[in-house]
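Q:
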Amino acid sequence: PDGQFVGIDSNTFFSKTKEGNHVLHAVFVDLEPTVIDEVRNGTYRQLFCPEQLITGKEDAANNYACSYYAIRKEIIDLVLDRGTGSGLSSLLLERLTDDYEKKSKLDFSIYPAPQVLLAIVEPYNSILTTHIAIEHLDCAFISLNNKLADFQENLVQYPHNQMVKCDPHHGKFLACCVSYHDDVIPEDISSAVATIKTMCSIQFVDWCSTSFKVGINHNSLTIIPGDDIAKAQRVVCMLSNTTAIGEAWARLDHKFDMMYNKRASFCKFFIKDYEKLEKETDSVEEAEGY
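Those letters in the sequence shown? Residues 379 to 668, per the numbering used here, in order.
#1: Would DSSP call A610 helix, strand or coil?
#2: Suppose you measure from the CA of F392 to the CA of N399; what does that come to, to the nearest Å?
#3: Express the C-alpha separation of A608 and H559 in angstroms, rounding to a whole number.
#4: Which residues does DSSP list as the beta-bridge partners of F582?
#5: For D560, which beta-bridge partners are listed by DSSP?
#6: So, T621 versus K550, is the Cβ gap smaller than 7 angstroms?
#7: Return the chain-ordered list of same chain residues with a C-beta closer than 6 angstroms to the C-beta of V614, the five sequence neighbours on each side being excluded.
#8: Which ranges would you report for the alpha helix (DSSP H) in the region 463–491 if only whole runs of at least 4 residues count?
#9: Rounded to whole angstroms, what is the Cα-Cα separation between E397 and V407?
#10: Please name the residue, chosen from S482, Y502, D415, that lies closest to D516 on a Cα-to-Cα basis.
#11: Roughly how many whole angstroms lie between the Cα atoms of S487 and T507?
#12: Please list the terminal residues of the continuous alpha helix (DSSP H) segment that includes K633.
#13: Sort out for me which residues DSSP pairs T433 with in a bridge.
#14: If we count the other Cβ atoms within 10 Å of its Cβ and call it buried at 16 or more, is F519 buried or exposed?
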């Protein structure tokens, strides 16, 4: 890709440079340059403005407190089990709320997976940043750090294609949106929704009258050349808001409590900021309350 736009111009996702190229409305920030260097030198580098690829010289070493209180930089790509994604993301959300109070803020968050532990302090980072997210975000799309790998190992007809490990039968749905792509017959969708309502296999809250919101796009899903995703005859994605996600929070809270009660890795987070300790303890209690 050379940044030249073919077809109807769109200012929603792209802006035009002085050279006539189109670059994405996106800012990438990280404390160390390794990952963003792949974008700078990759096949699609012409689609990004170099001034919007910002890197530092060292990372936060999986430390929320270090990135939030000490380094004080900004980041928008959220990976909440690590230091940069948790601490700097929290700081950015606070700044965005101050500068753009009336603008909606959406978050695509990756939380630590129950079976995979990439850093011993993941529960600390996740709980502390969730407190900030609850206060400043309007909508959050949550996935676990190992679920993408699970997609490659399991057949789609089994319930392993959920982005969060929880049983939807154990909670109630507040909202549910199902989006279809390509070769889909509307009558088949209506029949499937009616069957689900008749079976009562899942429950909605009493005040939700619409149940399922369904969208159909008859255009084929766009596949990037050389991508690992194969072209499919039809694709469906469901976004839901369900109380069943409490199972994921309970697992995370349990891991946090086990570490916090023993003060495991405690000095790493608070030795330089004892005055912040009371604030963070309150944050933990509030996050666990949800």
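Beta carbons are placed, not taken as given, at the ideal position from N, Cα and C, and that holds for glycine. None of these values were measured; they are calculated from a predicted model.
A: This is what the structure gives:
#1: As a first step, residue 610 must be located in the sequence shown, where it is residue number 232. Coil at A610, not helix or strand.
#2: Start at 1 with the first residue of the sequence shown, and residue 392 comes out as number 14. Start at 1 with the first residue of the sequence shown, and residue 399 comes out as number 21. Looking at the two C-alpha atoms, the distance is approximately 9 angstroms.
#3: Taking the first residue of the sequence shown as position 1, residue 559 is located at position 181. Taking the first residue of the sequence shown as position 1, residue 608 is located at position 230. Cα-Cα distance, rounded: 14 angstroms.
#4: For this step, residue 582 is matched to residue 204 along the sequence shown. Paired residues: F551.
#5: Start at 1 with the first residue of the sequence shown, and residue 560 comes out as number 182. D560 is bridged to R612.
#6: Numbered from 1 along the sequence shown, position 243 holds the residue referred to as residue 621. Numbered from 1 along the sequence shown, position 172 holds the residue referred to as residue 550. Contact: yes.
#7: Position 236 of the sequence shown holds residue 614. Cβ within range, chain order: Y558.
#8: Those alpha helix (DSSP H) runs which fall completely within the region 463–491 and span 4+ residues are 467–477.
#9: Working through the sequence shown from its first residue, we reach residue 397 at position 19. Working through the sequence shown from its first residue, we reach residue 407 at position 29. Their backbone Cα atoms lie some 24 angstroms apart in a straight line.
#10: Stepping through the sequence shown from its first residue, residue 516 is reached at position 138. Checked all of S482, Y502, D415; the closest Cα to D516 is S482.
#11: Stepping through the sequence shown from its first residue, residue 487 is reached at position 109. Stepping through the sequence shown from its first residue, residue 507 is reached at position 129. Rounded to whole angstroms, S487 to T507 spans 11 angstroms at the Cα level.
#12: Here residue 633 is taken as the residue at index 255 of the sequence shown, counted from 1. Where K633 is concerned, the enclosing alpha helix (DSSP H) stretches over 624–639.
#13: In the sequence shown, counting from the first residue as 1, residue 433 sits at position 55. For T433, which the question treats as bridged, DSSP gives the partners D408.
#14: As a first step, residue 519 must be located in the sequence shown, where it is residue number 141. Per the 10 Å Cβ criterion, exposed.
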